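Residue numbers (the numbering used here), protein chains in the order written: chain A, 1 to 113; chain B, 114 to 227. These notes are about the structure you will find just below.
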Amino acid sequence: AQSVTQPDIHITVSEGASLELRCNYSYGATPYLFWYVQSPGQGLQLLLKYFSGDTLVQGIKGFEAEFKRSQSSFNLRKPSVHWSDAAEYFCAVARRWGDKIIFGKGTRLHILP
Amino acid sequence: GAGVSQSPSNKVTEKGKDVELRCDPISGHTALYWYRQSLGQGLEFLIYFQGNSAPDKSGLPSDRFSAERTGGSVSTLTIQRTQQEDSAVYLCASSSEAGLAEQYFGPGTRLTVT
């Protein structure tokens, strides 16, 4: 069965510092990959998605993610975080087009002033 | 119209009672998902409707849970004989293609079973 692992439950970084949130998936073939953000009191918003092609994907709010097949990873990065980035981040995966989308347990990001 | 809507926004029920949660997807969206979000558990997949295909019910935790989607639009998630462990936020999402375009999430229904 496909699964998504986000190893870090909580991450704390200082404002202006770089950020990397980890995501690993278990499915052998190249799945379809997503990152979502859930800000306090807000609904879930899509940050970016990877289907095929260039393995470095640009998203909204200055985020990017890199698909690494050899590591079964799809880590989310941002060069310089802002206090408004404090939120919970979810990685999600679908095995193939039209299949259900499964979410990881999330990583809560805390920003130090 | 606007985004995905869910009702009620909050529901408090007594253990053993049945509840119905409603989701109105964005008009024209063919795919509809139900997820459950509990503290520390992320988003747990429950069920997935795609067009006229048979729904993927593989995430439903027990036979107390069921869902239907009428006319390819509105969906109702029903929980029978609620238990305290059913307390969670139930989220609905819809998307315009076969489940892999951007999912638009509703605000959720917070269910509390006392």
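Don't be surprised by glycine CBs; every beta carbon is placed ideally from N, CA and C. Keep in mind the model is a prediction, meaning the values are calculated, not measured.
Item                                                                                                                                                                                     : Value
Taking C-beta pairs closer than 7 Å, name the residues in chain A that L156(B) reaches, listed in chain order.                                                                           : F90 and F103
Contact defined as beta carbons within less than 8 Å: I believe L44(A) pairs with Q38(A). What is the distance between those atoms, to the nearest angstrom?                             : 5 Å
Are any of the Cβ atoms in chain A nearer than 9 Å to that of A201(B)?                                                                                                                   : no
Please work out which residues of its chain come closer than 7 Å, Cβ to Cβ, to A115(A), disregarding the five sequence neighbours upstream and downstream, and give them in chain order. : In this structure chain A extends from 1 to 113, so residue 115(A) is not present and cannot be described.
Would Y36(A) count as contacting chain B if we go by Cβ distances under 9 Å?                                                                                                             : yes
Under DSSP, the beta strand (DSSP E) around I102(A) begins and ends at which residues?                                                                                                   : I101 to F103
From which residue to which residue does the beta strand (DSSP E) around E181(B) run?                                                                                                    : F178 to R182
Spell out whether any CB of chain B is found under 9 Å from the CB atom of K78(A).                                                                                                       : no
Would E215(B) pass as an interface residue toward chain A - the criterion being a Cβ-Cβ separation below 9 Å?                                                                            : yes
Assign P121(B) to buried or exposed, taking buried as 16 or more other Cβ atoms, counted over all protein chains shown, within 10 Å of its Cβ.                                           : exposed
Determine the chain A residues that contact F218(B) at a beta-carbon separation under 7 Å, and present them in chain order.                                                              : G43 and L44
Rounding to the nearest angstrom, what Cα-Cα distance links I160(B) and E127(B) in this structure?                                                                                       : 24 Å
What residues of chain A sit near Q163(B), judged by a beta carbon separation below 7 Å?                                                                                                 : G98
Helix, strand or coil for K78(A)? Go by DSSP, reduced to three states.                                                                                                                   : strand
Any Cβ of chain B within less than 9 Å of the Cβ of G59(A)?                                                                                                                              : no
Alpha carbon to alpha carbon, how far is I11(A) from G155(B)?                                                                                                                            : 16 Å
Look at the Cβ atom of A94(A), then the Cβ atom of P7(A), and state whether they are nearer than 9 Å.                                                                                    : no
What in chain B is Cβ-close to G106(A), meaning under 8 Å?                                                                                                                               : G155 and L156
Taking the Cβ atom as the reference point for each residue, do N50(A) and F67(A) lie within a distance shorter than 9 Å?                                                                 : Here residue 50(A) is Tyr; the residue named in the question, Asn, does not match the sequence. For Y50(A) and F67(A), yes; Cβs fall inside 9 Å.
Provide the residue span of the beta strand (DSSP E) that contains I11(A), from first to last.                                                                                           : H10 to S14
Name the chain A residues that come within less than 7 Å of D169(B), Cβ to Cβ?                                                                                                           : K100
At the 9 Å Cβ level, is A180(B) part of the contact set with chain A, yes or no?                                                                                                         : no
Looking at the C-beta of I9(A), does it have a partner C-beta in chain B at a distance below 9 Å?                                                                                        : yes
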